[in-house]
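Those protein sequence lines, which keep their order, are chains A and B.
Numbered according to my numbering, the first sequence spans residues 54 to 167.
Numbered according to my numbering, the second sequence spans residues 8 to 121.
Quick reminder that beta carbons are idealized off the backbone N, C-alpha and C, glycines included.
The structure appears right after this line, and notes come after that.
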Amino acid sequence: AQTVTQSQPEMSVQEAETVTLSCTYDTSESDYYLFWYKQPPSRQMILVIRQEAYKQQNATENRFSVNFQKAAKSFSLKISDSQLGDAAMYFCAYRGNTGNQFYFGTGTSLTVIP
Amino acid sequence: NAGVTQTPKFRILKIGQSMTLQCTQDMNHNYMYWYRQDPGMGLKLIYYSVGAGITDKGEVPNGYNVSRSTTEDFPLRLELAAPSQTSVYFCASSYSGGSNQPQHFGDGTRLSIL
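What follows is the structure, encoded as structure tokens:
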């Protein structure tokens, strides 16, 4: 089975600053998809951004962008101009092109300091 | 716009009791999933379904059963509740098995087995 590793259990950032959350994964597949989900205290899982492995261009959604390094199997999330509402657990997820399962990391808890 | 609806939101069970966690989605999604999230951990897949009448095991299926008689509903049954099943349970759905399709999550069910 594929594994997804988030090595930062907790991170903090000053409001309006930039923070990067790390994610690495292990796979033997060449085509797959990667996702970042946000889980605020309300527990709802919200899709933040996704990346197709066959695309070299890094995905961007407003203040959220990724640094996808396929050879290194790394998929980090950068949050620019951090806002108080960004405080949440962030989960990295992997899905292969042939399977039906998502694999999630253990999450990074992000605190935004006013 | 209901999306994925889970009931109940909270439940306390005694060891050995049974219960069914309900999940319904109104987005006409083919794929549905059940996850559990233990404290400080990522989501683990219990069961999933690729369409009505079709279900398959995920990473941690022991102690659970599912059925998928309709496209909309995907209930999860615990037959003999055990303390190890204390967790937060999430139901999710996606339009198809296409790997770029994100999952839409319900708000979760917090289940305690005492």
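Within 8 Å, strictly: CB atoms of residue i and residue j
| i | j | result |
| --- | --- | --- |
| B:Gly10 | B:Gln44 | no |
| B:Gly49 | A:Gly158 | yes |
| A:Phe155 | B:Gln110 | yes |
| A:Tyr85 | A:Arg148 | yes |
| B:Leu83 | B:Val67 | no |
| B:Ile22 | B:Ala99 | no |
| B:Arg75 | B:Ser101 | no |
| A:Val72 | A:Ile132 | yes |
| B:Tyr71 | B:Tyr54 | yes |
| A:Leu137 | A:Val119 | no |
| B:Gly60 | B:Leu52 | no |
| A:Gln92 | A:Phe144 | yes |
| A:Ser83 | A:Gln59 | no |
| A:Glu68 | A:Pro167 | yes |
| B:Gln13 | B:Asp114 | yes |
Whole-Å CB distance - residue i paired with residue j, under 8 Å assumed
| i | j | result |
| --- | --- | --- |
| B:Tyr96 | B:Thr116 | 5 Å |
| A:Phe117 | A:Val101 | 5 Å |
| A:Tyr78 | A:Gln104 | Between A:Gln104 and A:Tyr78 the Cβ distance is about 11 Å, and since that is not below 8 Å, they are no contact. |
| A:Glu70 | A:Ser162 | That belief does not hold up - the Cβ atoms of A:Glu70 and A:Ser162 are roughly 17 Å apart, past 8 Å. |
| B:Leu118 | B:Ser94 | 6 Å |
Candidates the options: closest to residue i by CA position
| i | options | result |
| --- | --- | --- |
| B:Pro15 | B:Gly60, B:Tyr54, B:Cys30 | B:Cys30 |
| B:Gly58 | B:Gly65, B:Asn69, B:Asp80, B:Tyr42 | B:Asp80 |
| A:Ala124 | A:Leu163, A:Tyr107, A:Leu137, A:Asp134 | A:Tyr107 |
| A:Thr81 | A:Asn115, A:Phe88, A:Thr151, A:Val165 | Correcting the residue type first, residue 81 of chain A is Ser in the shown sequence and not Thr. Ranking the options by Cα distance to A:Ser81, first place goes to A:Thr151. |
| A:Val165 | A:Ala146, A:Met142, A:Asn153 | A:Met142 |
| A:Leu96 | A:Ala146, A:Gln67, A:Ala140 | The sequence shown places Arg at residue 96 of chain A, not Leu. Considering only alpha carbons, the answer is A:Ala140. |
| B:Thr27 | B:Thr62, B:Phe17, B:Asp63 | B:Phe17 |
| A:Asn153 | B:Glu86, B:Trp41, B:Met34 | B:Trp41 |
| A:Lys126 | A:Met64, A:Met98, A:Gln109 | A:Gln109 |
| B:Ser103 | B:His36, B:Ser91, B:Asp63 | B:His36 |
| A:Gly160 | A:Met98, A:Gln67, A:Asn111, A:Glu68 | A:Met98 |
| A:Ala146 | A:Asn111, A:Leu87, A:Asn115 | A:Leu87 |
Contacts of residue i in chain A (Cβ-Cβ under 8 Å)
| i | result |
| --- | --- |
| B:Asp114 | Ser95, Arg96, Gln97 |
| B:Tyr55 | Asn153, Gln154 |
| B:Leu28 | Per Cβ cutoff of 8 Å: no residues; B:Leu28 is ~14 Å from chain A at best. |
| B:Leu20 | By Cβ distance, chain A contributes nothing, its closest Cβ being about 19 Å from B:Leu20, past 8 Å. |
Chain B contact residues for residue i, given Cβ-Cβ distances below 8 Å
| i | result |
| --- | --- |
| A:Leu163 | Those within 8 Å of A:Leu163 in chain B number zero; the least Cβ separation is about 15 Å. |
Where residue i meets chain B, residues with beta-carbon distance less than 7 Å
| i | result |
| --- | --- |
| A:Leu100 | Pro109 |
| A:Phe200 | As displayed, chain A neither begins before 54 nor continues past 167, which places residue 200 of chain A out of reach and without an answer. |
Neighbouring residues, chain B, relative to residue i (Cβ below 9 Å)
| i | result |
| --- | --- |
| A:Thr159 | Gly47, Met48, Gly49 |
Chain-ordered neighbours of residue i on chain A, where CB pairs are closer than 9 Å
| i | result |
| --- | --- |
| B:Val95 | Arg96 |
| B:Tyr102 | Those do not exist, as B:Tyr102 stays about 13 Å from chain A at its closest Cβ, beyond 9 Å. |
Partners in chain A for residue i, counting only beta-carbon separations shorter than 7 Å
| i | result |
| --- | --- |
| B:Gly58 | Those within 7 Å of B:Gly58 in chain A number zero; the least Cβ separation is about 11 Å. |
| B:Gly65 | Gln154 |
| B:Leu121 | Here the premise fails: no neighbours, minimum Cβ distance about 21 Å. |
| B:Leu118 | Ordered by position in chain A, no residue passes the 7 Å Cβ test against B:Leu118, which lies about 13 Å from the chain. |
Chain C contact for residue i (CB, 8 Å cutoff)
| i | result |
| --- | --- |
| A:Ser81 | Judged by its chain identifiers, the structure shown contains no chain C, and its protein chains are A and B. |
Open item on the list: Under 8 Å, CB to CB, which of the residues in the region 123-143 of chain A have a partner in chain B?
Closed with: Result list empty, no residue passes.
Open item on the list: Along the region 67-95 of chain B, where does the CB come closer than 9 Å to a CB of chain A? Name the residues.
Closed with: Of all residues in the region 67-95 of chain B, only Val95 come within less than 9 Å of chain A when Cβ atoms are compared, listed by chain position.
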